[in-house]
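Residue numbers (the working numbering): 1 to 282.
Heads up, the beta-carbon is just placed ideally off N, CA and C, and yes, glycines get one too.
Since this is a predicted model, take the numbers as computed values, not measurements.
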């Protein structure tokens, strides 16, 4: 019996290894298909930003758009982002930060794909109009996290809206999906509705109109009871640069429970490249 096991174990191992490799490639192909679909969903009609587009918005919202988009800039509602930084895989007390690099397509309100390489951990987070997912692998060959359900989809939509405020501001111009309400002199508040979800986001502005802090009430179970509920999530923005008529942050730190003693900025990223991928610019 032991000799038989020894004879068949290499073959069994090879079958398992091949199956995992095929599974990993299927994930990569799915990521790429979703990436292209998010570009295709955006508006194909060439349009440039004009101040008249924000007339009638609350003053804080107008300041936000005046800072982030130059008059005459093409409306870019889908962006590709490359970043490096650190990802906290632990807790606030023991963050266990690991170096990471990632590529992302952000296409609000439709979704995003974030492709991560953090050494031993790789994979993707994603959202499309009809589904969302987290798929992470250990050493590129062992599946360790796979999540896709309605709670995840609602949470992912919150992320899409939050990240729109600092990397895709044109996607937040007034539309069938977006409205703005007055929240004070230095808070610009957008409310985004799409796919059965509604998400509000507060953008704190500096004196110049720069968005410095972004906060949402995100649907999440990152809490001691592991119960899904709305709770603070957001980030701090800095190191603004001009990208083809857009003034955007290149350093972002964020995480769960922002504004509370439990805040843990598990995500620290520096943008190395950003380009428009709306149909009008592709």
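Legend entry - Residue environment, residue 25, which counts as buried when at least 16 other CB atoms sit within 10 Å: Exposed.
Legend entry - N- and C-terminal bounds of the beta strand (DSSP E) containing residue 42: That residue, residue 42, is in no beta strand (DSSP E); it is neither H nor E in DSSP.
Inset, instruction - Examine the Cβ distances between the region 159-169 and the region 231-242 and report whether three or more of them are shorter than 8 Å. - result: Touching, per the Cβ criterion.
Legend entry - Cβ pair residue 63, residue 205 closer than 9 Å: In this structure, residue 63 places its C-beta atom within 9 Å of the C-beta atom of residue 205.
Inset, instruction - Return the CA-CA distance between residue 215 and residue 259, expressed in angstroms with no decimal places. - result: In a straight line, the C-alpha of residue 215 is about 9 Å away from that of residue 259.
Legend entry - Complete beta strand (DSSP E) runs within the region 169-205 (minimum length 3 residues, chain order): Entirely contained in the region 169-205, the beta strand (DSSP E) runs reaching 3 residues are, in chain order, 178-182, 187-194 and 197-205.
Inset, instruction - Confirm, please, whether the CB-CB distance from residue 58 to residue 188 is below 9 Å. - result: For residue 188 and residue 58, yes; Cβs fall inside 9 Å.
Legend entry - Euclidean distance between Cα positions of residue 217 and residue 142: Spanning the two alpha carbons is a distance of roughly 33 Å.
Legend entry - Three or more C-beta pairs below 8 Å linking the region 75-92 and the region 224-232: No, the region 75-92 is not in contact with the region 224-232.
Legend entry - C-beta contact flag for residue 155 and residue 140 at 9 Å: No; because the gap between Cβ atoms is not below 9 Å, this pair is not in contact.
Legend entry - residue 203, buried or exposed, once every other Cβ within 10 Å from all chains shown has been counted against 16: Within a 10 Å sphere around the beta-carbon of residue 203 sit 16 or more other beta-carbons, which makes this residue buried.
Legend entry - Contact belief for residue 245 with residue 55 at Cβ below 8 Å, rounded distance in angstroms: About 20 Å; that fails the 8 Å criterion.
Inset, instruction - Enumerate in chain order the residues of its own chain whose CB-to-CB distance from residue 90 is below 6 Å, with the five nearest sequence positions on each side excluded. - result: Exclusion of the five residues before and after residue 90 leaves 96 as the residues of its chain whose Cβ lies within less than 6 Å of its Cβ.
Legend entry - Boundaries (first-last residue) of the beta strand (DSSP E) holding residue 272: That run of the beta strand (DSSP E) goes 264-276.
Inset, instruction - Leaving aside the five residues before and after residue 131 along the sequence, list all residues of the same chain whose C-beta is less than 7 Å from its C-beta, in chain order. - result: Beyond the five residues adjoining it in sequence on each side, residue 131 comes within less than 7 Å, by CB distance, of 148 and 153 in the same chain, given in chain order.
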